[in-house]
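Asks:
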Amino acid sequence: MRYRFAVRVGPYGFRVGSDWRAPVAALEHLYADYPKPRDGVANFTVRLEATRSWRRFVRPSVNIGGDWFLAEAAPLPLAHGLLAAEMGMNLQLALGGRRHLLLHASSVERDGRALLMTGESGAGKSTLSVLLAAAGWRFMGDEFALIDLDTGEVRAFPRPVSLKNAGVAAAEQAWPTATFGPWLRGTPKGDIRHMVPPSDDLARMDEPARPALLLFPRFGSPDEVRKVPRSEAFVRLTQASTNYTALGWRGFESLVRLVKAVPALAVDYPDGASGVAAVERLWSAL
Amino acid sequence: MKAAHLLVRALREPQSVADLDASGWQDLIGVARAEQLVGTLAQRLDGLTLPDAVRAILADATVTTEQGRVAALWEAEMVRRALAPVGCPVVLLKGTAFVAAGLAAGRGRSVGDTDILVPRAALPDVERALLAAGWEWVKPDPYDDAYYRRWMHELPPLIHRERDRIVDVHHTILPLTARIRPDANALIADAVPLGNGLSVLSPADMICHAAAHLFADGDLSGGLRNLWDIHCLLDEEFGTDGLEQRAARHGLRSAVLRAARLAYDLFGTPIPGGWRVRDGLDPLFRRRLLARDGWGRGARRATRFGFYVRSHAIRMPPAMLARHLWTKWRRG
Chain A
14 MRYRFAVRVG PYGFRVGSDW RAPVAALEHL YADYPKPRDG VANFTVRLEA
64 TRSWRRFVRP SVNIGGDWFL AEAAPLPLAH GLLAAEMGMN LQLALGGRRH
114 LLLHASSVER DGRALLMTGE SGAGKSTLSV LLAAAGWRFM GDEFALIDLD
164 TGEVRAFPRP VSLKNAGVAA AEQAWPTATF GPWLRGTPKG DIRHMVPPSD
214 DLARMDEPAR PALLLFPRFG SPDEVRKVPR SEAFVRLTQA STNYTALGWR
264 GFESLVRLVK AVPALAVDYP DGASGVAAVE RLWSAL
Chain B
145 MKAAHLLVRA LREPQSVADL DASGWQDLIG VARAEQLVGT LAQRLDGLTL
195 PDAVRAILAD ATVTTEQGRV AALWEAEMVR RALAPVGCPV VLLKGTAFVA
245 AGLAAGRGRS VGDTDILVPR AALPDVERAL LAAGWEWVKP DPYDDAYYRR
295 WMHELPPLIH RERDRIVDVH HTILPLTARI RPDANALIAD AVPLGNGLSV
345 LSPADMICHA AAHLFADGDL SGGLRNLWDI HCLLDEEFGT DGLEQRAARH
395 GLRSAVLRAA RLAYDLFGTP IPGGWRVRDG LDPLFRRRLL ARDGWGRGAR
445 RATRFGFYVR SHAIRMPPAM LARHLWTKWR RG
């Protein structure tokens with residue numbers, strides 16, 4: 014394709030081909046500190062293509078294609094080309110990843126042990142992971158937690174953090190020195206800005222961690238902690254996984270092992286500071 | 145070398161991948177994925193010395209097709225249970241048949257929908273039994289529904305509401321509007337029982353069906369995989385004995401011979417010397433089969449468009465086609 018970009022995030026390499034220069038330029042800026050795919054061969058392909066050849070120039074509109082795609086996915090305007098690339102990369106891993114159980118979760122690490130946070134969009138798992146990283150935890154990822162099917166360990170997938178609306182201000186305050194991508198305003202997901210994870214954490218992206226605690230955080234409610242039974246954690250994680258069904262028996266085994274190995278807690282928190290405090294308190298009580 | 149040629153070469157002579165550089169590998173994997181042959185490629189390259197990244201990618205592909213095989217066999221069993229009370233023969237077709245019968249064509253093959261063949265007279269009972277067992281219409285539409293029932297070789301697709309898997313119920317192997325009319329009774333009468341209440345087509349009929357699917361129906365998209373199926377059936381399973389006569393009975397002689405010639409040309413399939421004649425159209429089919437670039441995109445737009453037009457022209461007579469397209473266009 015006309016413009017190309019390749020990057021490795023944790024165990025997975027991606028290549029992005031684009032009909033336009035702009036999305037590739039944005040990716041090069043955001044992923045400047047990341048390694049290239051192993052052996053020069055990417056696991057997944059993303060294509061950013063004009064919906065019609067003349068739409069490369071007139072009201073340019075980006076179709077997200079690749080090894081895997083959703084027929085019903087609507088094209089995005091070129092101004093949101095970076096978002097299209099990010100969505101395309103997420104989609105490839107979500108539908109194509111088979112080496113790990115993929116959980117829609119953020120993860121941070123301390124002393125070789127990982128904290129997993131999962132929840133619906135808006136629960137604050139991205140923001141909380143950034144705030145914890147600012148408080149000294151290693152940032153492992155805000156989108157997918159990768160559970161190794163053989164070892165049960167968590168593998169880091171530290172993509173640039175996709176921050177939405179109010180989360181952007183919180184992250185800018187916590188990490189004033191961080192590199193941010195351009196503002197993407199008025200996207201289908203609201204106003205978005207990407208933040209590059211700390212370079213120390215990127216340098217350690219190949220270090221796995223043993224899962225130690227599973228949290229279901231919920232932002233905006235008074236402080237409260239509730240124990241989540243294994244059965245409930247199991248069911249909620251099947252829903253939070255993008256490839257649980259596709260992995261068959263191995264996915265089941267891996268998820269059972271996870272919920273047996275780590276305690277699960279639902280944590281309500283009114284604001285970022287009390288969220289971080291609650292996590293620190295629960296972590297030290299382990 | 146062009147990406148699609150890389151794939152053909154790697155399937156035909158696995159050792160040939162030794163000379164690939166990173167971009168060659170990337171193209172090969174890209175085109176193999178797009179042609180749904182990456183699981184097959186993984187099987188073919190198994191045991192060779194490969195770059196670590198490539199080995200990991202192919203291992204993932206194997207996990208995918210292996211789970212696909214398990215799911216396909218389970219789905220076939222679900223169909224068997226649902227249709228057992230009907231008491232009619234149920235013949236598995238295409239990918240499900242290859243994996244259920246343990247054929248070489250099923251090794252590493254991705255299997256999507258469950259395709260079955262039943263006697264036309266049994267269709268109403270089969271339909272009722274499947275609906276009662278949890279399948280439902282994919283997208284109910286009165287025109288499409290009427291069109292399928294009157295002119296197609298299959299019921300409108302049914303999807304299972306819990307397992308999210310599609311079953312295509314055929315009563316023959318080509319649309320009723322096509323000029324060629326295969327002998328559906330013979331297909332069912334000569335089917336080979338698997339011993340579990342399900343059957344697969346006889347060897348020659350399996351090849352006839354694959355060739356019909358490739359050249360007498362559709363626009364050849366995904367055709368490389370169909371041709372690889374045919375190669376495996378001819379080369380590793382059944383050979384060509386009696387095939388020409390059987391194909392002639394179904395009106396598929398020319399499709400089967402073309403499939404054999406192209407399989408010989410691309411994959412080196414052994415075929416009788418008398419079949420290796422020159423055919424003016426073969427290069428065009430070959431060109432269409434290889435219309436894919438290393439990014440997985442369709443290449444050769446004009447060729448693809450030509451075959452798209454052809455797929456409609458061979459499917460139905462012109463006046464009927466005009467009416468059909470007009471109706472579809474008006475409905476958007």
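Protein sequences appear in the order of chains A and B.
Using the numbering used here, you'd call the opening residue of the first sequence number 14 and step up by one each time.
Using the numbering used here, you'd call the opening residue of the second sequence number 145 and step up by one each time.
Beta carbons: idealized from backbone N, C-alpha and C, even for Gly.
1) Would you kindly check if the distance between the Cβ of A/F27 and the Cβ of A/M102 is under 8 Å?
2) Are at least three pairs of beta-carbons, each pair with one atom in the segment 192-203 of chain B and one in the segment 72-84 of chain A, less than 8 Å apart?
3) Counting C-beta neighbours from all protein chains within 10 Å, is the total for B/S160 16 or more, i.e. buried, or is it exposed?
4) Any Cβ of chain B within less than 8 Å of the Cβ of A/D52?
5) Based on Cα-Cα distance, which residue from B/G183, B/A215, B/R390 and B/L320 lies nearest to B/A203?
6) Alpha carbon to alpha carbon, how far is A/V269 from A/V248? Give it in angstroms, no decimals.
7) If you draw a straight line from the C-alpha of A/P50 to the C-alpha of A/A291, how long is it?
8) Just the chain A side, please: which residues come within less than 9 Å of B/V175 by C-beta, in chain order?
9) From the beta carbon of A/D80, is the nearest beta carbon of chain B less than 8 Å away?
10) Which one of A/D80, A/R34, A/V241 and A/G165 has the shortest CA to CA distance from A/E266?
11) I want to see whether chain B comes within less than 8 Å of A/A98, judged by CB atoms only; does it?
12) State the CB to CB distance for the pair B/V207 and B/G438, rounded to an integer number of angstroms; the pair is presumed to be in contact (CB under 8 Å).
13) Could you give the first and the last residue of the continuous beta strand (DSSP E) run that contains A/E245?
14) Among A/Y16, A/G94, A/P24 and A/G288, which one has its Cα closest to the Cα of A/L106?
15) According to DSSP, is B/D165 part of a helix, a strand, or is it coil?
16) Just confirm the distance between the C-beta atoms of A/G154 and A/A136, as a whole number of angstroms; I'd bet it's less than 8 Å.
17) At 8 Å on the CB atoms, spell out the chain B contacts of A/N103, in chain order.
18) Going by the DSSP bridge assignment, what does A/H117 pair with across the sheet?
19) What residue range is occupied by the uninterrupted alpha helix (DSSP H) comprising B/R156?
20) Curious, which full-length beta strand (DSSP E) runs of at least 3 residues does the segment 259-309 of chain B contain?
21) Below 8 Å, can you find three or more Cβ-Cβ pairs linking the segment 201-221 of chain A to the segment 243-263 of chain A?
22) So, B/W151 versus B/R224, is the Cβ gap smaller than 8 Å?
23) Give me the Cα-Cα distance between A/A286 and A/A84, rounded to the nearest whole angstrom.
24) Below 8 Å, can you find three or more Cβ-Cβ pairs linking the segment 177-193 of chain A to the segment 234-251 of chain A?
25) Considering A/T200, what are the terminal residues of the beta strand (DSSP E) in which it resides?
26) Would you be able to state if there are at least three C-beta pairs under 8 Å between the segment 353-372 of chain B and the segment 395-406 of chain B?
27) Comparing the C-beta of B/V207 with each C-beta of chain A, is any distance below 8 Å?
Replies: Looking at the coordinates:
1) For this step, residue 102 of chain A is matched to residue 89 along the first sequence. For this step, residue 27 of chain A is matched to residue 14 along the first sequence. Going by C-beta atoms, A/M102 is nearer than 8 Å to A/F27.
2) With a cut-off of 8 Å, the segment 72-84 of chain A and the segment 192-203 of chain B do not count as touching, because too few Cβ pairs lie within range.
3) On the second sequence, position 16 is the one that residue 160 of chain B refers to. By the neighbour-count rule (16 or more Cβ atoms within 10 Å), B/S160 is not buried but exposed.
4) Counting from 1 along the first sequence, the entry for residue 52 of chain A is found at position 39. Taking CB atoms only, A/D52 has a neighbour in chain B less than 8 Å away.
5) Taking the second sequence and counting its residues from 1, the one referred to as residue 203 of chain B is at position 59. It is B/G183 whose Cα lies nearest to the Cα of B/A203.
6) Within the first sequence, residue 248 of chain A is the residue found at index 235, counting from 1. Within the first sequence, residue 269 of chain A is the residue found at index 256, counting from 1. A/V248 and A/V269: Cα-Cα distance of roughly 10 Å.
7) For the purposes of this step, residue 50 of chain A is taken as the residue at position 37 of the first sequence. For the purposes of this step, residue 291 of chain A is taken as the residue at position 278 of the first sequence. Each residue's alpha carbon lies about 38 Å from the other.
8) Sequence index remark: in the second sequence, residue 175 of chain B carries index 31 (1-based). From the beta-carbon of B/V175, no residue of chain A is found nearer than 9 Å; the closest lies around 10 Å away.
9) For the purposes of this step, residue 80 of chain A is identified with residue 67 of the first sequence, where counting begins at 1. Closer than 8 Å to some Cβ of chain B, the Cβ of A/D80 qualifies, so yes.
10) As a first step, residue 266 of chain A must be located in the first sequence, where it is residue number 253. Selected option, being the one with the closest Cα: A/G165.
11) Stepping through the first sequence from its first residue, residue 98 of chain A is reached at position 85. Not closer than 8 Å to any Cβ of chain B, the Cβ of A/A98 fails to qualify, so no.
12) Working through the second sequence from its first residue, we reach residue 207 of chain B at position 63. Working through the second sequence from its first residue, we reach residue 438 of chain B at position 294. The beta-carbon separation of B/V207 and B/G438, rounded to 24 Å, does not stay under the 8 Å limit for a contact.
13) Residue 245 of chain A sits at position 232 when you count from the first residue of the first sequence. No beta strand (DSSP E) contains A/E245, which is instead part of the alpha helix (DSSP H) from R243 to A253.
14) Translated into positions along the first sequence, residue 106 of chain A becomes position 93. For A/L106, the nearest C-alpha among the options comes from A/P24.
15) What you label residue 165 of chain B is simply residue 21 of the second sequence in a count that begins at 1. Note: B/D165 maps to coil in three-state DSSP.
16) Here the question's residue 154 of chain A lines up with position 141 in the first sequence. Here the question's residue 136 of chain A lines up with position 123 in the first sequence. About 16 Å separates the two Cβ atoms, so there is no contact after all.
17) The residue given as residue 103 of chain A occupies position 90 in the first sequence. Ordered by position in chain B, no residue passes the 8 Å Cβ test against A/N103, which lies about 17 Å from the chain.
18) The count along the first sequence starts at 1 and reaches residue 117 of chain A at position 104. Under the DSSP definition of a beta bridge, A/H117 partners with A/F157.
19) On the second sequence, residue 156 of chain B is found 12 positions in, with the first residue counted as 1. Unbroken alpha helix (DSSP H) run through B/R156: A147 to R156.
20) The beta strand (DSSP E) runs of length 3 or more contained entirely in the segment 259-309 of chain B are, from start to end of the chain, 279-281 and 302-304.
21) In short, these stretches do not touch, since the Cβ pair count stays below three.
22) As a first step, residue 151 of chain B must be located in the second sequence, where it is residue number 7. As a first step, residue 224 of chain B must be located in the second sequence, where it is residue number 80. One detail in the question is off: residue 151 of chain B reads as Leu in this sequence, not Trp. Between B/L151 and B/R224, the gap from beta carbon to beta carbon reaches 8 Å or more.
23) To locate residue 286 of chain A, count along the first sequence from 1; it is residue 273. To locate residue 84 of chain A, count along the first sequence from 1; it is residue 71. Distance between the alpha carbons of A/A286 and A/A84 is about 41 Å.
24) The segment 177-193 of chain A is not in contact with the segment 234-251 of chain A.
25) What you label residue 200 of chain A is simply residue 187 of the first sequence in a count that begins at 1. In the DSSP assignment, A/T200 falls within the beta strand (DSSP E) that extends over L197 to T200.
26) Three or more beta-carbon pairs separated by less than 8 Å link the segment 395-406 of chain B to the segment 353-372 of chain B, which places the two stretches in contact.
27) Within the second sequence, the letter at position 63 stands for residue 207 of chain B. So, interface residue.
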